[in-house]
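Beneath this line is the structure, given in structure tokens, with notes to follow.
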Amino acid sequence: MPQLQTFDVASIRAEFPILAREVHGRPLVYLDNAASAQKPRVVIDTLRDVYEREYSNVHRAAHELSAATTERFEAARRTVQRFLNAPEDRECIFVRGTTEAINLVSNSWGRANLKPGDEILITAMEHHSNIVPWQMICQQTGAKLVVAPMDQTGTLLMPEFEKRLSPRTKLLACVHVSNALGTINPIAEMARRAKAVGAVVLVDGAQAVPHSRIDVQALGVDFYAFSGHKVYGPSGIGVLWGRAELLEAMPPWQGGGEMIKSVSFEKTTYAGLPHRFEAGTPNIADSIALGAALEYVSKLGLDAIEAYEHELLQYATAQVAQIKGLRVIGTSPRKAGVLGFVLDGIHAADAGMILDQQGIAVRVGQHCAEPVMDFFKVQATIRASFAFYNTRAEVDALVAGIRKVQELFS
Amino acid sequence: MTIAERQQAVIDEFNAIADWEERYRRIIEYGRTLPAMEDAHKTDKNKVKGCQSTVWLHAAMKEGRMALQGDSDAMIVRGLIALLFKVYDGATPIEATATPPDFINEIGLGRNLSQTRANGLAAMVKQIKLYAAVFQAMQR
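Going line by line, the protein sequences match chains F and P.
So the first sequence is numbered by the numbering used here: it starts at 158 and just counts up by one.
So the second sequence is numbered by the numbering used here: it starts at 3 and just counts up by one.
Listed below in structure tokens is the structure:
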């Protein structure tokens, strides 16, 4: 593996202070990256630097500090633009995270464009945050939610997907990488087919952005949403990218300061992009630190990250395959980051507690994807999810940890 | 034994076990021996659904004392229910209301068990206290 030689995990790990700590007297083995990733020193330092040196409100530049903060805030937006290969920086809206991004589109675009008889197409592997906002907007507009099924490996059934596309399909809202299964959806192809029937395409990129290079123009989508905290940035900040043409036609969702051009008691005119969708004082410091996180992963190289993580996931999959009584949930040929499994006769919650005692952090439960659990007829799964700072030795620790779980419950 | 003594006995029993593995083995053992809950009581009304596991709790009054039945789909949680019952089953409603489940924090099981939103145990403790309060009110 030539990539492994150019990817120096030991020095990368040294940049993440938290990875050096112990849990229950054992070295931390952090395999819950799909829930939230840890932060490199540059992100932590950026946050501190903003608050210690250059903090003020933005876009109200009557003084030097505000001008400097505004400059850094807008520079972060340009970093996001480059990271997604978005055509324009004003198309990148800072939001709290993927969930808020999807709610913004459903409330603004959805309310303005959906009517009875219209359909929203999602897939069977969505996170609740790409189901519930659409159910809510369907209730309000009379539109209908349609679900494209997957097969037993957790792969989207393309013919079934195509069957559900029609001129009634106004929106395709789908996950790029499944948080519960790790499946990578063929977004470019799905978008092409959805566009052919005139649908708008929104992608939940929360689990894709940390693992591979994203090019929204090459994907051919209209909206792309992601969360900062899963891509090594702060929590509470995320991005909605949308094509300018669509965003400009959308009514604001929240009203307040920042988002207006002029206000009188008779009439308010709204600001242009991106400010129209950023009512109130934004999350200034976290936006700037998100920029630092995106620059950090870009410098490591998303292609190198993808290659390293792919190899690690393959190694982990091969290792757990040797454990009797373990069944992997999510065996799609194209996967990223996630290894979900169940153990015969052992509840996922029990396994999680015993792994935790060994310093191994995984997520157990339904992963905010109850329909996925129902499909695979499991109550819950154990999910190990990987980042580029994880190692083969940590995979080995996981395997040993699982064997300990089985021993305790035998 | 008073309820406080029963709780102390649980704390002493677990604090005497130095090794985390053995502590968990003991809890798992308690989980396996928790008396089965009558199916008639395994209703949605008695169910507390957590993100990770589900618990059921039924309480009745017998001769002025609380009679508890419970279950969980997770074995360690079943064990913790058994420990809860060691303390609260057979207690009077007044005793139950006045006794916080300190043992959960004191037997060194780690924070993931004491922060029990996910496994439904916190809800179960709350429910026991709620039943106790209701029984207490009914006795007046």
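Beta carbons: idealized from backbone N, C-alpha and C, even for Gly.
Review point. Could one say the Cβ of Gly23/P lies closer than 8 Å to chain F's Cβ atoms, at least one of them?
Key: Locating residue 23/P in the second sequence gives position 21, counting from the first residue. The residue asked about is misnamed: residue 23/P is Glu in this sequence, not Gly. Taking Cβ atoms only, chain F reaches closer than 8 Å to Glu23/P, which makes this a yes.
Review point. What residues match up with Pro184/F in a beta bridge as DSSP calls it?
Key: Reading the first sequence from its first residue, position 27 is the one you call residue 184/F. Glu179/F.
Check your understanding: Do you know offhand how far Asp21/P's Cα is from Arg349/F's?
Key -> Against the second sequence, residue 21/P aligns to sequence position 19. Against the first sequence, residue 349/F aligns to sequence position 192. The alpha-carbon atoms of Asp21/P and Arg349/F are separated by roughly 58 Å.
Check your understanding: Counting only runs that start and end within the region 321-368 of chain F, where is the alpha helix (DSSP H) found for 4 or more residues in a row?
Key -> Whole alpha helix (DSSP H) segments, 4+ residues: 344-353.
Review point. Once you ignore the five residues that flank Val89/P on each side, which residues in its own chain have a CB closer than 8 Å to its CB?
Key: Here residue 89/P is taken as the residue at index 87 of the second sequence, counted from 1. Ile5, Arg8, Gln9, Val12, Thr101, Pro103 and Phe105, listed in sequence order.
Check your understanding: Does the separation of the CB atoms of Pro95/P and Met126/P fall below 8 Å?
Key -> Translated into the one-based positions of the second sequence, residue 95/P becomes position 93. Translated into the one-based positions of the second sequence, residue 126/P becomes position 124. Cβ atoms of Pro95/P and Met126/P: not closer than 8 Å.
Check your understanding: Is His60/P buried or exposed, if buried means 16 or more other CB atoms sit within 10 Å of its CB?
Key -> Position 58 of the second sequence, counted from the first residue, corresponds to residue 60/P. When all chains shown are included, His60/P counts as buried.
**Study point:** Residues of the region 69-84 of chain P with Cβ closer than 8 Å to any Cβ of chain F, in chain order
**Key:** Within the region 69-84 of chain P, the residues whose Cβ lies closer than 8 Å to some Cβ of chain F are Asp75, Ala76, Met77, Ile78 and Val79, listed in chain order.
Exercise for review: Please list the partners that Arg28/P has in chain F, where partner means a Cβ-to-Cβ separation under 7 Å.
Suggested key: The residue labelled residue 28/P in the question sits at position 26 within the second sequence. The contacting residues do not exist; Arg28/P stays about 11 Å from chain F at best.
Practice item. Closer than 6 Å by C-beta to Ser489/F: which residues in its own chain qualify, once you throw out the five before and the five after it? Chain order, please. Key: Counting from 1 along the first sequence, the entry for residue 489/F is found at position 332. Counting only Cβ-Cβ distances below 6 Å, and skipping sequence neighbours, we find Thr310, Gly311, Thr312 and Thr340.
Exercise for review: Over the uninterrupted beta strand (DSSP E) stretch that includes Thr56/P, give me the two end residues.
Suggested key: Position 54 of the second sequence, counted from the start, is the residue given in the question as residue 56/P. That run of the beta strand (DSSP E) goes Thr56 to Lys64.
Point to revise | Same chain only: Cβ atoms within 7 Å of Gln162/F, ignoring 5 sequence neighbours per side | key: Residue mapping note: residue 162/F aligns to position 5 of the first sequence, counting from 1. In this prediction, Gln162/F scores a pLDDT of 46, lower than 50, which makes its location untrustworthy; the coordinate-derived value is nonetheless stated afterwards. If we look at Gln162/F and ignore the five residues flanking it on each side, it has no Cβ neighbours.
Check your understanding: Measuring CA to CA, which of Thr56/P, Glu108/P and Gln71/P is closest to Glu15/P?
Key -> Here the question's residue 15/P lines up with position 13 in the second sequence. Nearest of Thr56/P, Glu108/P and Gln71/P to Glu15/P, Cα basis: Glu108/P.
Check your understanding: If you check the beta carbons only, do Ala281/F and Ala305/F fall under 8 Å apart?
Key -> The sequence position of residue 281/F within the first sequence is 124, counting from 1. The sequence position of residue 305/F within the first sequence is 148, counting from 1. Yes, the pair counts as a contact, with Cβ atoms nearer than the cut-off.
Practice item. Step through the CB atoms of chain P and report whether any lies within less than 8 Å of the CB of Val495/F. Key: Here residue 495/F corresponds to residue number 338 of the first sequence, with the count starting at 1. No, no contact with chain P.
Exercise for review: Using DSSP bridges, identify the partner residues of Asp570/F.
Suggested key: Given that chain F is displayed from residue 158 to residue 567, the structure contains no residue 570/F and the question cannot be resolved.
Review point. From the DSSP output, which residues share a beta bridge with Ala541/F?
Key: Taking the first residue of the first sequence as position 1, residue 541/F is located at position 384. DSSP lists Leu496/F as partners of Ala541/F.
Practice item. Say whether chain P places a C-beta atom closer than 8 Å to the C-beta of Phe566/F. Key: What you label residue 566/F is simply residue 409 of the first sequence in a count that begins at 1. Yes, Phe566/F lies at the interface with chain P (some Cβ there is under 8 Å from its Cβ).
Review point. How would you label Val499/F, buried or exposed, when you count the other beta carbons within 10 angstroms and need 16 or more for buried?
Key: Within the first sequence, numbered from 1, the residue matching residue 499/F stands at position 342. Result: buried.
Check your understanding: Taking Cβ positions, are Ser542/F and Gly494/F nearer each other than 8 Å?
Key -> In the first sequence, residue 542/F corresponds to position 385, counting from 1. In the first sequence, residue 494/F corresponds to position 337, counting from 1. Yes; because the gap between Cβ atoms is below 8 Å, this pair is in contact.
Point to revise | Secondary structure of Pro159/F, DSSP reduced to three states | key: Position 2 of the first sequence, counted from the first residue, corresponds to residue 159/F. Confidence at Pro159/F is low in this model, with a pLDDT of 43, below 50, so the placement of that residue should be treated as unreliable; the coordinate-derived value is given next. If DSSP states are grouped into helix, strand and coil, Pro159/F belongs with the helices.
Practice item. Could you name the residues of chain P that Ile511/F contacts, counting a contact when the two beta carbons are closer than 7 Å? Key: For the purposes of this step, residue 511/F is identified with residue 354 of the first sequence, where counting begins at 1. Residues of chain P passing the Cβ test: Tyr26.
Review point. Between the region 291-305 of chain F and the region 412-424 of chain F, do at least 3 Cβ pairs fall closer than 8 Å?
Key: At 8 Å Cβ cutoff, the stretches do not touch.
Review point. Buried or exposed: where does Met158/F fall if 16 or more other Cβ atoms within 10 Å of its Cβ makes it buried?
Key: Indexing the first sequence from 1 puts residue 158/F at position 1. Its pLDDT being 41, under 50, Met158/F is placed unreliably in this model, and the coordinates cannot settle the point.
Point to revise | 6 Å Cβ shell around Val378/F - same chain, five flanking residues per side excluded | key: Here the question's residue 378/F lines up with position 221 in the first sequence. Excluding positions up to five away in sequence, the list reads Ala348, Val358 and Val360.
Check your understanding: Any Cβ of chain P within less than 8 Å of the Cβ of Val521/F?
Key -> The residue given as residue 521/F occupies position 364 in the first sequence. At least one chain P Cβ lies under 8 Å of Val521/F.
Exercise for review: Could you tell me the boundaries of the alpha helix (DSSP H) in which Arg198/F lies?
Suggested key: Within the first sequence, numbered from 1, the residue matching residue 198/F stands at position 41. Per DSSP, Arg198/F belongs to the alpha helix (DSSP H) from Arg198 to Arg210.
Review point. According to the Cβ coordinates, are Val562/F and Leu188/F closer than 8 Å?
Key: Counting from one through the first sequence, the residue named residue 562/F turns up at place 405. Counting from one through the first sequence, the residue named residue 188/F turns up at place 31. A distance of 8 Å or more separates the beta carbons of Val562/F and Leu188/F.
Check your understanding: Quick one: is Pro408/F buried, meaning 16 or more other Cβ sit within 10 Å of its Cβ, or exposed?
Key -> Start at 1 with the first residue of the first sequence, and residue 408/F comes out as number 251. Counting Cβ neighbours within 10 Å, Pro408/F comes out exposed, since fewer than 16 surround it.
Exercise for review: Kindly indicate which residue of Ala224/F, Val262/F, Gly497/F and Thr474/F has the alpha-carbon position closest to the one of Ala330/F.
Suggested key: Stepping through the first sequence from its first residue, residue 330/F is reached at position 173. Nearest option by C-alpha distance: Val262/F.
Practice item. Spatial neighbours of Thr227/F within its chain, please: CB distance less than 7 Å, with the 5 preceding and 5 following residues excluded, ordered by chain position. Key: Translated into positions along the first sequence, residue 227/F becomes position 70. Contacts found: Val215, His216 and Ala218.
**Study point:** Contacts around Glu248/F, its chain only, beta-carbon distance under 8 Å, and the 5 residues preceding and following it disregarded
**Key:** Start at 1 with the first residue of the first sequence, and residue 248/F comes out as number 91. These residues qualify, in order along the chain: Gln238, Trp398, Gly399, Arg400, Ala401, Leu404, Leu430 and Pro431.
Exercise for review: Verify the CB distance criterion: does Asp553/F have a CB-CB separation below 8 Å to chain C?
Suggested key: The structure shown contains no chain C; its protein chains are F and P.
Exercise for review: State whether the region 168-188 of chain F contacts the region 508-523 of chain F, with contact taken as three or more CB pairs (one from each stretch) at a distance under 8 Å.
Suggested key: Yes: the two stretches touch, three or more of their Cβ pairs being nearer than 8 Å.
Point to revise | Interfacial residues, the region 217-235 of chain F to chain P, with Cβ spacing under 9 Å | key: Taking a C-beta cut-off of 9 Å against chain P, none of the residues of the region 217-235 of chain F qualify.
Check your understanding: Helix, strand or coil: which one does DSSP assign to Tyr427/F?
Key -> As a first step, residue 427/F is located in the first sequence; it is residue number 270 there, counting from the start. Strand at Tyr427/F.
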